[in-house]
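Q:
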Amino acid sequence: MKKKNKSNRFSLKEVLKKDPIVCLTAYTAPIASLVDNFADVILVGDSLGPVLYGFKTTREVNMEMMIRHAKCVVENTKKSIIVVDMPYGSYESSKHDALENAKKIISSTGAMAVKLEGGEKISETISFLTKNKIKVMGHLGLLPQTLYGKPKVYGKNEKEKKKIFEDLRSLEKSGVFSVVIECTVKSLVDNLINSTQIPLIGIGASEKCKGQIIVTEDILGMTNFSSKFSKKYFDFLKKAQKPIEHFVKDVKNKHYPKKTQCY
Ligand code: KIV
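According to the numbering used here, the sequence shown is numbered sequentially starting from 1.
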């Protein structure tokens with residue numbers, strides 16, 4: 001039997017004790033209720049921009065979109081912890097704006113925590129949020145919100161290697177409860193794991209991370225995303241062709257609806 005807190009959801013303390021921690025993304029009601037059966041943490045990621053809306057980058061996602069999708073995910077889940085990405089432009093200008101926006105996300109959706117991209121540069125802001133009782137997940141390595149053009153693997157040169165240790169140290173001090181580490185050289189991630197108490201949640205990182213996160217639509221084959229770390233467990237886009245063709249044929253041949261399907 002899974003232990004639940006009063007609201008029936010896992011508490012953060014319970015989730016952090018799990019090994020490994022399983023994190024999946026969700027943006028919509030059907031995917032949220034599906035993954036809630038399996039995930040410890042559900043991230044309402046700003047990847048919803050490219051995945052759902054076909055945006056070129058996550059930078060086009062705004063507060064209104066994140067709130068709308070996060071509310072839907074909270075309402076359609078019972079046990080997982082819900083973390084929401086703070087969108088580009090909602091936390092960089094000042095720590096006061098960041099707090100106002102984080103509070104808005106939490107209070108209008110019922111989510112439990114927010115995620116922000118970056119290290120030292122935003123650690124003062126994250127400290128301000130955590131001091132004001134906002135639970136924060138960090139995000140290091142490849143940072144999609146600052147990405148121009150092609151994604152690249154982080155940590156291949158000495159400068160990036162040194163920087164990520166400093167960034168992790170400052171996130172640790174700012175009170176994050178975990179850090180997503182994306183698309184980063186495995187040997188570097190393994191060294192980071194040995195240097196910190198903070199649970200690292202990997203995506204294109206290392207099997208040694210305390211948890212793994214993935215975009216659900218990517219593993220279901222609902223997107224055309226492909227990278228070295230991605231793995232398709234289902235080919236939705238391909239498998240959906242046949243049933244759609246079947247429906248179209250039925251309509252054209254006047255086989256649908258049947259009399260029994262009419263009122
Ligand atoms: O937006 C997102 O889905 C993410 C994950 C890929 C970590 O940040």
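For glycine and all other residues, C-beta sits at the position ideal for the given N, C-alpha and C. Note that the coordinates shown come from a computational prediction; the quantities given were computed from them, not determined experimentally.
Please go through the same chain and pick out, in chain order, the residues whose beta-carbon is closer than 8 Å to the beta-carbon of Lys133, but skip the five residues on each side of it.
A: Reading the sequence shown from its first residue, position 133 is the one you call residue 133. Once the five neighbours on either side are set aside, Lys133 has no close Cβ partner at all.
Q: Contact defined as beta carbons within less than 8 Å: I believe Ile105 pairs with Val84. What is the distance between those atoms, to the nearest angstrom?
A: One-based indexing of the sequence shown puts residue 105 at position 105. One-based indexing of the sequence shown puts residue 84 at position 84. Under the criterion of beta carbons closer than 8 Å, Ile105 and Val84 qualify as touching, at roughly 5 Å.
Q: For ligand 1, is there any heavy atom lying closer than 7 Å to the beta carbon of Ala118?
A: In the sequence shown, counting from the first residue as 1, residue 118 sits at position 118. Per the sequence shown, residue 118 should be read as Gly rather than Ala. No, the beta carbon of Gly118 sits no closer than 7 Å to any heavy atom of ligand 1.
Q: Given that a residue counts as buried once 16 or more other Cβ atoms are within 10 Å of its Cβ, and exposed if not, what is Phe128?
A: Here residue 128 corresponds to residue number 128 of the sequence shown, with the count starting at 1. Here Phe128 is buried, its C-beta having at least 16 other C-beta atoms within 10 Å.
Q: Between Leu43 and ligand 1, is there a pair consisting of the residue's CB and a ligand heavy atom that are separated by less than 7 Å?
A: As a first step, residue 43 must be located in the sequence shown, where it is residue number 43. Checking every heavy atom of ligand 1 against the Cβ of Leu43, one is found closer than 7 Å.
Q: Assign Lys115 to buried or exposed, taking buried as 16 or more other Cβ atoms, counted over all protein chains shown, within 10 Å of its Cβ.
A: The sequence position of residue 115 within the sequence shown is 115, counting from 1. It counts as buried.
Q: Where do the N-terminal and C-terminal ends of the alpha helix (DSSP H) with Gln241 fall, by residue?
A: Walking along the sequence shown from the start, residue 241 turns up at place 241. Gln241 to Lys252 is the extent of the alpha helix (DSSP H) around Gln241.
Q: Return the CA-CA distance between Val251 and Pro257, expressed in angstroms with no decimal places.
A: The residue given as residue 251 occupies position 251 in the sequence shown. The residue given as residue 257 occupies position 257 in the sequence shown. Distance from the CA atom of Val251 to the CA atom of Pro257, rounded to whole angstroms, is 8 Å.
Q: Return the residue from the list Lys159, Val176 and Leu171 that minimises the CA-CA distance to Leu188.
A: Taking the sequence shown and counting its residues from 1, one reaches residue 188 at position 188. Measuring from the Cα of Leu188, the nearest candidate turns out to be Lys159.
Q: DSSP state of Thr28, grouped into three classes?
A: Here residue 28 is taken as the residue at index 28 of the sequence shown, counted from 1. Residue state, collapsed to three classes: coil.
Q: Is it buried or exposed, Gln241, if we count other Cβ atoms within 10 angstroms and call 16 or more buried?
A: The residue given as residue 241 occupies position 241 in the sequence shown. It counts as exposed.
Q: Could you have a look at Pro257 and say whether DSSP puts it in helix, strand or coil?
A: Your numbering for residue 257 matches position 257 in the sequence shown. In this structure, Pro257 counts as coil in the three-state DSSP scheme.
Q: Could you say which of Met65, Phe10, Val22 and Glu124 lies nearest to Ser174 if we only look at CA atoms?
A: One-based indexing of the sequence shown puts residue 174 at position 174. When only C-alpha atoms are compared, the closest one is Glu124.
Q: Let's see if you can read the secondary structure: which residues bound the beta strand (DSSP E) around Gly202?
A: On the sequence shown, position 202 is the one that residue 202 refers to. Residues Leu200 to Ile203.
Q: Would you mind stating whether Leu168 and Val153 have Cβ atoms separated by less than 8 Å?
A: Stepping through the sequence shown from its first residue, residue 168 is reached at position 168. Stepping through the sequence shown from its first residue, residue 153 is reached at position 153. No.
Q: Note down the Cα distance separating Asp40 from Val22, rounded to an integer number of angstroms.
A: Position 40 of the sequence shown, counted from the first residue, corresponds to residue 40. Position 22 of the sequence shown, counted from the first residue, corresponds to residue 22. Going from the Cα of Asp40 to the Cα of Val22 covers about 5 Å.
Q: Give the range of the beta strand (DSSP E) segment to which Leu137 is assigned.
A: Here residue 137 is taken as the residue at index 137 of the sequence shown, counted from 1. A small fix is needed here, since residue 137 is Met in this sequence, not Leu. Here the beta strand (DSSP E) through Met137 covers Val136 to Gly141.
Q: Where does Asp85 sit, in a helix, a strand or coil, going by DSSP?
A: Walking along the sequence shown from the start, residue 85 turns up at place 85. DSSP, read as helix, strand or coil, puts Asp85 in strand.
Q: Would you say the beta carbon of Ile265 comes nearer than 7 Å to a heavy atom of ligand 1?
A: Residue numbering for the chain in the displayed model covers 1 to 263; residue 265 lies beyond these limits and cannot be assessed.
Q: Is Ile203 near ligand 1, going by C-beta to nearest heavy atom under 7 Å?
A: Counting from one through the sequence shown, the residue named residue 203 turns up at place 203. Ile203 Cβ: within cutoff of ligand 1.
Q: For ligand 1, I want to know if Thr125 counts as a neighbour, meaning its beta carbon is within less than 7 Å of at least one of the ligand's heavy atoms.
A: Translated into the one-based positions of the sequence shown, residue 125 becomes position 125. No, the beta carbon of Thr125 sits no closer than 7 Å to any heavy atom of ligand 1.
Q: Among Thr130, Gly202 and Leu147, which has the Cα closest to the Cα of Ser230?
A: By one-based count along the sequence shown, residue 230 stands at place 230. Closest by alpha carbon: Gly202.
Q: For His246 and Lys131, what's the separation of their Cα atoms in angstroms?
A: Within the sequence shown, numbered from 1, the residue matching residue 246 stands at position 246. Within the sequence shown, numbered from 1, the residue matching residue 131 stands at position 131. If I take the Cα positions, the gap works out to 57 Å.
Q: Can you tell me the Cβ-Cβ gap for Arg68 and Gln145, rounded? I've got them flagged as a contact below 8 Å.
A: Reading the sequence shown from its first residue, position 68 is the one you call residue 68. Reading the sequence shown from its first residue, position 145 is the one you call residue 145. Actually they do not touch by this definition, with Cβ atoms about 19 Å apart.
Q: On the DSSP letters alone, give me the boundaries of the alpha helix (DSSP H) that Glu182 sits inside.
A: By 1-based counting over the sequence shown, the position of residue 182 is 182. No alpha helix (DSSP H) holds Glu182; the beta strand (DSSP E) holding it covers Ser178 to Glu182.
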